[in-house]
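Okay, structure first, notes after.
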Amino acid sequence: MNKEADLLAQARTARDRAYARYSGFRVGAAIECRDGSVFVGCNVENASYPVTLCAERGAVSAAIAAGKLDFDRIAIVCNATEPVAPCGACRQVLAEFAPDMEVISEAGGQVSRWSLTELLPSRFSKTDLPALPRDVGPETTREGS
Ligand code: THU
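Counting from 27, one number per residue, gives the positions in the sequence shown under my numbering.
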């Protein structure tokens with residue numbers, strides 16, 4: 027397990043690389059996998075505004091592409107005056123892989139911590155789906171495939 031301060035430092039570095047030319051709101055995220063590896067993401071905005079990718083989903087995507095599926099924590103750093111919680115879409119994406127991961131957020135010299143269950147208490151998940159009619163591949167996550 028990484029030190030929380032190290033995770034936040036990696037998120038801060040990613041935040042400084044954010045492509046946030048439209049909002050000016052820079053966000054970096056560092057997701058910690060169960061094996062201790064860390065993957066980062068930053069928000070990537072676009073002239074077509076809704077196409078924007080959030081930092082959290084960028085970090086998840088990097089981790090998945092590296093073959094990781096089990097996450098313990100995500101650290102988020104932005105340039106707001108106080109910590110922000112992830113947007114609803116990112117909460118849903120995080121919940122797919124780690125239903126109760128810890129979410130740590132830093133801004134304005136303050137740090138907030140939540141569990142994902144606190145942030146997304148009633149959620150739609152893979153357990154709500156009927157048995158899938160096709161092979162979904164070798165994916166497994168902590169709570170099963
Ligand atoms: N943003 C994130 O990257 N993560 C969040 O959890 C909230 C919002 C980004 C999206 C957009 O580039 C900017 O912050 C303002 O919404």
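Built from N, CA and C at the ideal position, the CB exists for glycine as well.
Who pairs with F65 in a beta bridge, going by DSSP?
I57
Say whether the segment 77-97 touches the segment 48-61, bearing in mind that this needs 3 or more beta-carbon pairs closer than 8 Å, one atom from each stretch.
Result yes; three or more Cβ-Cβ pairs closer than 8 Å.
Since I believe R117 is in contact with L146 (beta carbons under 8 Å), could you give me their beta-carbon distance rounded to a whole number of angstroms?
Cβ-Cβ separation between L146 and R117: approximately 4 Å, consistent with a contact (criterion under 8 Å).
Just to confirm, does S141 get its C-beta within under 7 Å of one of the non-hydrogen atoms of ligand 1?
no
Does the segment 95-109 come within contact of the segment 135-146, defined as at least 3 CB pairs closer than 8 Å?
Short answer: they touch.
Out of curiosity, what's the CA-to-CA distance linking F114 and L95?
First, the residue type needs correcting, since residue 114 is Gly and not Phe in the sequence shown. Spanning the two alpha carbons is a distance of roughly 20 Å.
When you compare each of L120, N69, A124 and G135 to G50 by their alpha carbons, which one comes out closest?
N69
Note down the Cα distance separating V129 from R83, rounded to an integer number of angstroms.
Their backbone Cα atoms lie some 13 Å apart in a straight line.
Hey, L120 and P112 are a contact pair by Cβ (cut 8 Å); roughly how many whole angstroms apart?
7 Å
V110, DSSP secondary structure in three states
coil
Can you list, in chain order, the residues of its chain whose CB lies under 6 Å from that of T78, leaving out five sequence neighbours each side?
Cβ within range, chain order: E71 and N72.
Determine the direct distance from the alpha carbon of R43 to that of Y75, and round the result to whole angstroms.
19 Å
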